[in-house]
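Participant:
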Amino acid sequence: MPQKNVIILGVGNLILKDEGVGVHVVKEMENRELPPGVEVIDGGTATMDLLSIIHESEKIIVIDALTSGGQPGTIYRCLPEELMDAPERPLSLHQVDLLDVLLMARQLGGHVSVVIIGVEPKEISCGMELTTEVKAAVPKVIKAIFKELKGMGYA
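Letter by letter, the sequence shown follows residues 18 to 172 in the numbering used here.
1) Assess, as a yes-or-no matter, whether the region 89-103 is touched by the region 44-64 under the definition of 3 or more beta carbon pairs within less than 8 Å.
2) Please work out which residues of its chain come closer than 8 Å, Cβ to Cβ, to residue 143, disregarding the five sequence neighbours upstream and downstream, and give them in chain order.
3) Taking the Cβ atom as the reference point for each residue, do residue 89 and residue 150 lie within a distance shorter than 8 Å?
4) Go through the region 56-94 residue by residue and report every complete run of the alpha helix (DSSP H) that reaches 4 residues or more, in order.
5) Select from 58, 66 and 56 the residue whose C-alpha is nearest the C-alpha of residue 119.
6) Secondary structure at residue 168, three-state DSSP: helix, strand or coil?
7) Nearest to residue 76 by CA position, among 96, 29, 39 and 139, is which residue?
8) Can you tell me which residues form a DSSP beta bridge with residue 134?
9) In the DSSP output, which residue or residues are listed as bridge partners for residue 129?
10) Need the endpoints of the alpha helix (DSSP H) that residue 39 sits in, please.
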């Protein structure tokens, strides 16, 4: 088994319903048995505070709401470069910060590999509960995370 520093990073705002999906997912992941070298982090909306964690990591799986025009609960897998190059970035506000932090980490000599698993939100308004569609996507997101880990050599 590889001995990598892998971070599963959930970002989002818990008080804005589906915007908090990344945090809801990592809270669920905290109850799962993970391979050695894999850590789950609740990044909330403070992406700039994550620079040192990102810089020291080898692989990061980011979980976040990603508005791209699909049906609520749709799951997307993309790389930061795909979002940076898109004419219209399908991002939340903290993801823009996250892309900047990833760029800074690389400029500081970090060699982190990043995959973003995004979930199409239905509603971003005051409230702490996920909508039905996004809540139903959470187990599928967790399955996608384990698929990513398996692809990195973790059974």
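In this text, a Cβ means the ideal position worked out from N, Cα and C, and glycines have one as well.
Facilitator: The structure says:
1) Remark: fewer than three beta-carbon pairs, one from each stretch, lie closer than 8 Å, so the region 44-64 and the region 89-103 are not flagged as touching.
2) Closer than 8 Å at Cβ, skipping near neighbours: 32, 33 and 34.
3) The answer is yes: Cβ separation under 8 Å.
4) Within the region 56-94, the complete alpha helix (DSSP H) runs of at least 4 residues are 68-73.
5) Distance check between residue 119 and each of 58, 66 and 56 places 66 closest, using alpha-carbon atoms only.
6) Here DSSP, grouped into helix, strand and coil, assigns residue 168 to helix.
7) Nearest C-alpha to residue 76: 96.
8) Note: residue 134 sits in a beta bridge opposite 80 and 94.
9) Paired residues: none, contrary to the question.
10) Here the alpha helix (DSSP H) through residue 39 covers 38-46.
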